[in-house]
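Following: one structure in structure tokens, then a few remarks.
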Amino acid sequence: MAELFVAIYQPRNAIFQIVGEPCNFKYDERAATPEDSIHHIKNIRVAEIDYINHFRQIVKGQKIENEIYHWGCQQWVIDVLESLVADGLLSDYDHDEAKLKLDPLFGVQLEDKYEA
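Converting from the sequence shown to the working numbering requires adding 1125 to each position, the first position being numbered 1.
In structure tokens, the structure reads:
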């Protein structure tokens, strides 16, 4: 006779980011807890995402503007948030609230429109 068990796991944490230098960024996703990084400052809550696989597709497919020297990680985050709104995974309200919190932390002037 075999025994049946149900394994209970802690929720998995993941980091979605681009890494590199201007004009040479690439997408990076890793299973990790952000707080474990020595570079971590704080987490900014944006929203609960119900469809994680759809979320991953959007984030992984987000265009990386390597042709623009002054474009970087902060703009990529804003672009991802806008793509999430466009695909219905993030509300306009949550997007606007996130931008209000992020703009002062990024410490750079983010352009609403930019040319490739």
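Ideal placement from N, C-alpha and C gives every residue a C-beta, glycine not left out. None of the values given here were measured: they were computed from a predicted structure.
Exposed or buried, what is residue i when buried is set at 16 or more other beta-carbons lying within 10 Å of its beta-carbon?
i     : result
E1190 : buried
E1240 : Per-residue confidence for E1240 stands at a pLDDT of 49, beneath the threshold of 50, marking its modelled position as unreliable; the derived number appears in the next sentence. So E1240 counts as exposed.
I1111 : Outside the displayed span of the chain (1126 to 1241) sits residue 1111, for which this structure offers no information.
I1166 : exposed
V1202 : buried
A1211 : exposed
L1225 : exposed
L1230 : exposed
A1156 : exposed
I1143 : buried
Only counting the same chain, and skipping five residues up and downstream in sequence, which positions put a Cβ closer than 7 Å to that of residue i?
i     : result
I1174 : F1180, L1214
N1168 : P1159
Y1218 : none
Shorter than 7 Å, the distance from the beta carbon of residue i to the closest heavy atom of the ligand PLP, or not?
i     : result
Y1194 : No copy of the ligand PLP appears in this structure; indeed no ligand is present at all.
Please report how far the alpha carbon of residue i lies from the alpha carbon of residue j, in whole angstroms.
i     : j     : result
D1221 : S1162 : 27 Å
T1158 : R1170 : 15 Å
N1149 : E1192 : 9 Å
G1145 : D1153 : 10 Å
N1178 : D1228 : 27 Å
A1223 : S1216 : 11 Å
K1151 : E1207 : 19 Å
Apart from the five residues on each side of it in sequence, which residues of its chain come closer than 6 Å, Cβ to Cβ, to residue i?
i     : result
N1205 : It should be noted that the sequence gives Val, not Asn, for residue 1205. Only V1184, Q1187 meet the Cβ criterion.
C1198 : I1143
Using a Cβ-Cβ cut-off of 8 Å (strictly less than) and excluding sequence neighbours within five positions of residue i, which residues of its own chain qualify?
i     : result
A1285 : Examination of residue 1285 is not possible in this model, given that the chain is present from 1126 through 1241 alone.
Completely contained alpha helix (DSSP H) runs for the segment 1180-1231, where each covers 4 or more residues:
1198-1211, 1217-1231
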